[in-house]
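The sequence shown: position 123 = 122 (numbering that gives the first Met the number 0), numbered continuously.
Cβ atoms here follow ideal geometry from the backbone N, Cα and C, with glycine treated the same way.
Just so it is clear, the structure is predicted and the values come from calculations on it, not from any experiment.
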Amino acid sequence: MSGSSHPAMAARPPGPAAGPAAPPRLAVRDLAFRYGDREVLRRVSFEVAPGEILGLLGPNGAGKSTLFSILTGLLLPSGGAIRLDGQEVPPGARALRARLGVVFQAPSLDAKLTALENLTLGGLLFGLGRREARDRARELLSAAGLADRASDQAGKLSGGMRRRLELGRALVHRPAILLMDEPTTGLDAAAFRQTWQAVHALREREGLTVLLTTHRPDEAEACDRLAVLARGRVVATGTPEALRARVPGDVVTIEADDPAALARDIRERLGLEARPGPHGVQVERERGHELVPRLVEAFPRGRFRAVALRRPSLADAFLALTGEALEDDA
0 MSGSSHPAMA ARPPGPAAGP AAPPRLAVRD LAFRYGDREV LRRVSFEVAP GEILGLLGPN
60 GAGKSTLFSI LTGLLLPSGG AIRLDGQEVP PGARALRARL GVVFQAPSLD AKLTALENLT
120 LGGLLFGLGR REARDRAREL LSAAGLADRA SDQAGKLSGG MRRRLELGRA LVHRPAILLM
180 DEPTTGLDAA AFRQTWQAVH ALREREGLTV LLTTHRPDEA EACDRLAVLA RGRVVATGTP
240 EALRARVPGD VVTIEADDPA ALARDIRERL GLEARPGPHG VQVERERGHE LVPRLVEAFP
300 RGRFRAVALR RPSLADAFLA LTGEALEDDA
């Protein structure tokens, strides 16, 4: 399946238009974090342009949560610097936190309050007056597609609606940057699409810069650019299209009962790089259709069940760049 079939990618509006050079909205330089003798983050560097959606793509254990905790002030780094609009700011500084709207992975709504009350309370906690907080709450409910749910208790909303409500509450104080930690984990396909429609709509309405962590290839497709994080390092950056292009040709998947043995035999008999997976063997090759008759000729009936041919995906690109597989909730 080609990358263009992802629902999030198909709905992705264009990123920020090119214009006069401006400093990145957020820049991270050589950020490091140690936990005892273990290096969790190893000189991580990336930047996010004004109005851009940047995804930090990596599996669990790559360092995404640690990086998120540093940016939100919950952890202090062992080294490195953070710049906001070209100016260095200490990690956890009030000047940084005031410019951030944060959606954590764990739910943070009051289930007994209505949608309107949750957002209004958020505004009051950020120092808005009561009328301003309520007006702002109604604005954000409308922008998130929840105006007709204003009087519903948060605990009675669907998972996708609660996620969009979390988005709205993160923006009550008009931050410049929206941070989201694994924003669609556990959501079904419909809720996934609705959440991302809300993210894009709020980005345009509020003039936001967005930084998120994700392990989902389909979610990564919704980003303007990606920073690929593996074992505490950024190993590649680029648009989803550019990263997919790093895998040449076609991806041939060969279903087999013993993928490891078949991958070894493909390497030995055909001289091709072959990666075993849970259900089959993956080979990346120009003109992949030409491999099928070679497989039939080289291996007796029963060594493999089926062969599938497709264009490279982000999951393929991640595997090629890091040697690790991504989990996919889709």
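Counting along the chain, where does the beta strand (DSSP E) carrying Q281 start and finish? G279 to R284
With respect to the alpha helix (DSSP H) encompassing L313, which residues constitute its N-terminal and C-terminal limits? L313 to T321
DSSP beta-bridge partners for G237? L225
P258 and V280: beta carbons closer than 8 Å? yes
Given 8 Å as the limit, is there contact between the stretch 217-225 and the stretch 235-252, that is, 3 or more CB pairs closer than that? yes
Can you give me the C-alpha to C-alpha distance between T194 and G159, rounded to a whole angstrom? 7 Å
Nearest by alpha-carbon distance to F32: which of L127, R202, A197 and R41 is it? R41
Out of L170, L75, A142 and R163, which has the shortest C-alpha to C-alpha gap to A97? L170
Within the chosen definition, does the stretch 259-271 reach the stretch 202-222 through at least 3 CB pairs nearer than 8 Å? no
Let me check understanding here. Comparing Cα to Cα, which of T113, T252 and L73 lies closest to P90? L73
For H5, count the other beta carbons within 10 Å of its own beta carbon; 16 or more makes it buried, fewer makes it exposed. Which is it? Interpretation of H5 is limited by its pLDDT of 48, a score under 50 that renders its predicted location unreliable; the figure taken from the coordinates is listed afterwards. Looking at its Cβ environment, which holds 16 or more other Cβ atoms inside 10 Å, H5 is buried.
May I have the straight-line CA-CA distance separating A136 from L115, to the nearest angstrom? 6 Å
Close-in-space but distant-in-sequence residues of the same chain around M0 (CB under 6 Å, 5 per side omitted): Residue placement at M0 is flagged as unreliable, the pLDDT there being 38, under the threshold of 50; the coordinate-derived value follows with that caveat. Only R309 meet the Cβ criterion.
H5 - DSSP class collapsed to helix/strand/coil: Here the model assigns H5 a pLDDT of 48, short of 50, so the residue's position is not dependable, and the following value carries that caveat. In the structure shown, H5 sits in coil (DSSP, three-state: anything other than H, G, I, E or B).
Can you give me the start and stop residues for the beta strand (DSSP E) that Q86 sits inside? Q86 to V88
Using only the alpha-carbon positions, how far apart do G121 and H172 sit? 8 Å
Using only the alpha-carbon positions, how far apart do F125 and V282 sit? 53 Å
Taking the CB atoms as reference points, tell me whether K63 and G57 lie closer together than 8 Å. yes
For F32, three-class secondary structure by DSSP: strand
Element boundaries [alpha helix (DSSP H), containing L127]: Element bounds for L127: n/a, residue is neither H nor E.
Integer Cβ distance of I81 from V47, believed to fall under 8 Å: Incorrect: roughly 11 Å between the Cβ atoms, too far for contact.
For A324, which residues of its own chain have a beta-carbon under 8 Å away from its beta-carbon, when the five flanking residues on both sides are left out? P58, G276, A314, F317 and L318
What is the DSSP secondary structure of R309, counted as helix, strand or coil? strand
Distance between H278 and L320 (C-alpha atoms, nearest Å): 21 Å
Tell me P275's beta-bridge partners as DSSP assigns them. V280
Buried/exposed call for L75, threshold 16 Cβ in 10 Å: exposed
So, for A61: in the same chain, excluding its five sequence neighbours on each side, which residues have a beta-carbon less than 6 Å away from its beta-carbon? L228 and A229
With DSSP as the reference, label T184 as helix, strand or coil. coil
I need the straight-line Cα distance from D151 to A143, nearest angstrom please. 15 Å
DSSP on E205, reduced to helix/strand/coil? helix
Leaving out five residues on either side along the sequence, give the residues of the same chain with a beta carbon under 8 Å from the beta carbon of L112. L120, Q152 and A153
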